[in-house]
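> Everything in the sequence shown is counted per this note's numbering, starting at 38 for the first residue and increasing by one.
So that we are looking at the same thing, I have put the structure below in structure tokens.
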Amino acid sequence: MIPTGWDAATLEDLAADVTSGSRGWAKFYAENGNPFIRITNLTRESINLDLRKLKFVRVPEDSHEGTRTKLAQGDILMSITADLGTVGFVATEPKLASYISQHVARIRLPRGICHPRFVAHQLASERHWKVIQRLNDAGAKAGLNLPTIRSIPVWLPPLREQRHIAAVLDAWDEAIVAAKKLVAAKEQRLAWIRANVLAGDVRLRGFAKTWQTGPLSRILIEHGETSTGREEVHSVSVHLGLVNQIEHLGRSFAAASTDHYNRVLPGDIVYTKSPTGDFPLGIIKQSRLTKAAIVSPLYGVFTPASRELGAFLDTLFASPAAAERLLAPVVQKGAKNTIAVTNKNFLKARLHLPTDPREIVALSELVEAARAELDLHQAELKLLRNQKRGLMQKLLTGQWRVSESIDALSPGAVPA
Numbered sequence: 038m039i040p041t042g043w044d045a046a047t048l049e050d051l052a053a054d055v056t057s058g059s060r061g062w063a064k065f066y067a068e069n070g071n072p073f074i075r076i077t078n079l080t081r082e083s084i085n086l087d088l089r090k091l092k093f094v095r096v097p098e099d100s101h102e103g104t105r106t107k108l109a110q111g112d113i114l115m116s117i118t119a120d121l122g123t124v125g126f127v128a129t130e131p132k133l134a135s136y137i138s139q140h141v142a143r144i145r146l147p148r149g150i151c152h153p154r155f156v157a158h159q160l161a162s163e164r165h166w167k168v169i170q171r172l173n174d175a176g177a178k179a180g181l182n183l184p185t186i187r188s189i190p191v192w193l194p195p196l197r198e199q200r201h202i203a204a205v206l207d208a209w210d211e212a213i214v215a216a217k218k219l220v221a222a223k224e225q226r227l228a229w230i231r232a233n234v235l236a237g238d239v240r241l242r243g244f245a246k247t248w249q250t251g252p253l254s255r256i257l258i259e260h261g262e263t264s265t266g267r268e269e270v271h272s273v274s275v276h277l278g279l280v281n282q283i284e285h286l287g288r289s290f291a292a293a294s295t296d297h298y299n300r301v302l303p304g305d306i307v308y309t310k311s312p313t314g315d316f317p318l319g320i321i322k323q324s325r326l327t328k329a330a331i332v333s334p335l336y337g338v339f340t341p342a343s344r345e346l347g348a349f350l351d352t353l354f355a356s357p358a359a360a361e362r363l364l365a366p367v368v369q370k371g372a373k374n375t376i377a378v379t380n381k382n383f384l385k386a387r388l389h390l391p392t393d394p395r396e397i398v399a400l401s402e403l404v405e406a407a408r409a410e411l412d413l414h415q416a417e418l419k420l421l422r423n424q425k426r427g428l429m430q431k432l433l434t435g436q437w438r439v440s441e442s443i444d445a446l447s448p449g450a451v452p453a
């Protein structure tokens, strides 16, 4: 239902100039020159362009296609193949002539009729994404043609309200960008600790005892416990550690009987023995659960000499390079990327470790503090993303109206 005081229109009703990039521009690719916007530069998270993987072209001065597809401030961009309906916005006048690929449409709205940034936010909303999917050209290959784009409907409040709504959503975008930078900084700090401090290259103040290299059997014990029938089935995730299969995967992949499944106690170390993404020899994680769980009998489960030592191992082997250095000498890889390693051989893997138990505790505290900071900023980022999603649902459909003063709407302060 269209909100009171809003108008319904299509992009064609707004006299939008809609075009797309030309084919065959690969011959114009260059190491530098004019920016060339592709689907890669559009993102679902924001209408701001992601220019980290920017390509360049050198277009002949007399090129008609260059003139036709040249970008200007206020242009709305939309992917018309592959991930349909991803929206970008040209916020400032390009310093250099910039162009679009054949997989991107350019929507140019007349000045004064509507606020282009508001329209861009609306086109990027979940509601409009569903509309765009329904308008998708039928067939095996996803695609939007230009007449279809012109037929996309929009809801327009008064121009002043459009500007206010766009300003609110822009504020959340800025907050999300800032939060992402903080998360990246904390991730880099944890990676530095992992690569330097946990490797023994940089020592904590007050600790001078030498580190020694020895087998994992010195610090890990295979307790051999199996399911009691009361534990829930878990898998192991690269980023999340032990995760409940039903909660995170939607269903259980366990066998009909789990009596033989390995029991994981809080603080235990689990080795998956299966290739996963950047970890071709398997992943090693500590259970950070507060109660026992069970995992596939194919996994190795071990109790560390101390919980702090387990945290040390968990953080160290979050690095693909560190995990491969440890496992390569004891793991055999099959022709079809299979892994052959027994728990006994896993415990023969050799690792460089502190000999002072107090240093292990100090390193664990350092790691836990770094993790806590990262978790905090990741939670803040998730909150901002959820807030923005809610704001888009409310503001872009008129359920919430923005008054002359928008001071009450700022990141972290959302109306009930």
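Here a beta-carbon is modelled for each residue, glycine too, at the ideal position from N, C-alpha and C.
Since the structure is predicted, the reported quantities are computational estimates derived from the model, not experimental observations.
Give the straight-line distance between the Cα atoms of I213 and L421, rounded to the nearest whole angstrom.
For I213 and L421, the distance between alpha carbons rounds to 6 angstroms.
> So, at 6 angstroms on beta carbons, what are the nonlocal neighbours of S254 in its own chain, with the 5 sequence-adjacent residues on each side left out?
The residues are L384.
> Using only the heavy atoms of the ligand ATP, determine whether one of them is closer than 7 angstroms to the beta carbon of S83.
The model on display carries no ligand, and the ligand ATP is accordingly not part of it.
> May I have the straight-line CA-CA distance separating A46 from V191, to the nearest angstrom?
Computed Cα separation, rounded: 6 angstroms.
> Can you name, in chain order, every residue of its own chain whose Cβ lies under 7 angstroms from the Cβ of N233, other than the five neighbours on each side?
The answer, listed in chain order, is V239.
> Since N69 sits in a beta bridge, which residues does DSSP pair it with?
Partner(s): none; N69 has no beta bridge.
> Provide the residue(s) that pair with L257 in DSSP beta bridges, ordered along the chain.
L257 pairs with P341.
> What three-state label does DSSP hand W192 in the structure shown?
Note: W192 maps to strand in three-state DSSP.
> Can you tell me whether DSSP reads D44 as helix, strand or coil?
Strand.
> How is M38 classed by DSSP in three states: helix, strand or coil?
In the structure shown, M38 sits in coil (DSSP, three-state: anything other than H, G, I, E or B).
> Could you give the residue range of the beta strand (DSSP E) that holds T6?
Nothing about residue 6 can be read from this structure; the chain reaches only from 38 to 453.
> For the stretch 301–313 against the stretch 222–232, do three or more pairs of beta-carbon atoms, one drawn from each stretch, fall closer than 8 angstroms, so that the two count as touching?
No, because fewer than three Cβ pairs between the stretch 301–313 and the stretch 222–232 fall closer than 8 angstroms, the two stretches do not touch.
> What whole-angstrom Cβ distance do C151 and L196 have, given they're in contact under 8 angstroms?
Correct: roughly 7 angstroms between the Cβ atoms.
> Just how far apart, CA to CA, sit E49 and H158?
Each residue's alpha carbon lies about 18 angstroms from the other.
> With DSSP as the reference, label T352 as helix, strand or coil.
DSSP places T352 in helix when its eight states are reduced to three.
> Where does the unbroken alpha helix (DSSP H) through G61 begin, and where does it stop?
No alpha helix (DSSP H) holds G61; DSSP gives it neither H nor E.
> If we count Cβ pairs, one from each stretch, closer than 8 angstroms, do we get three or more for the stretch 361–376 versus the stretch 406–420?
Cβ pair count under 8 angstroms is below three, so no.
> What is the residue span of the beta strand (DSSP E) that N233 lies within?
That residue, N233, is in no beta strand (DSSP E); it is neither H nor E in DSSP.
> Across the stretch 255–264 and the stretch 211–225, are there enough close Cβ pairs to call them in contact, namely three or more that are closer than 8 angstroms?
Counting Cβ pairs under 8 angstroms, fewer than three are found: no touch.
> Tell whether a beta-carbon distance below 8 angstroms holds between S57 and I117.
Their beta carbons are under 8 angstroms apart, which means S57 touches I117 by this criterion.
> Which residue wins for smallest C-alpha separation from S83, given the options Q139, E211 and R164?
Closest by alpha carbon: E211.
> Going by C-alpha distance, which of A134, D412 and A142 is nearest G125?
Comparing Cα-Cα distances from G125 to each of A134, D412 and A142, the minimum goes to A142.
> Between which two residues does the beta strand (DSSP E) harbouring V76 extend?
Inspection of the sequence shows that residue 76 is occupied by Ile rather than by Val. Note, I76: premise wrong, no beta strand (DSSP E); not H, not E.
> Here's a check: name, in chain order, each residue in its chain whose Cβ is nearer than 7 angstroms to the Cβ of S295, leaving out the five neighbours to either side.
It should be pointed out that residue 295 corresponds to Thr in this sequence rather than to Ser. Excluding positions up to five away in sequence, the list reads S264, V270 and I331.
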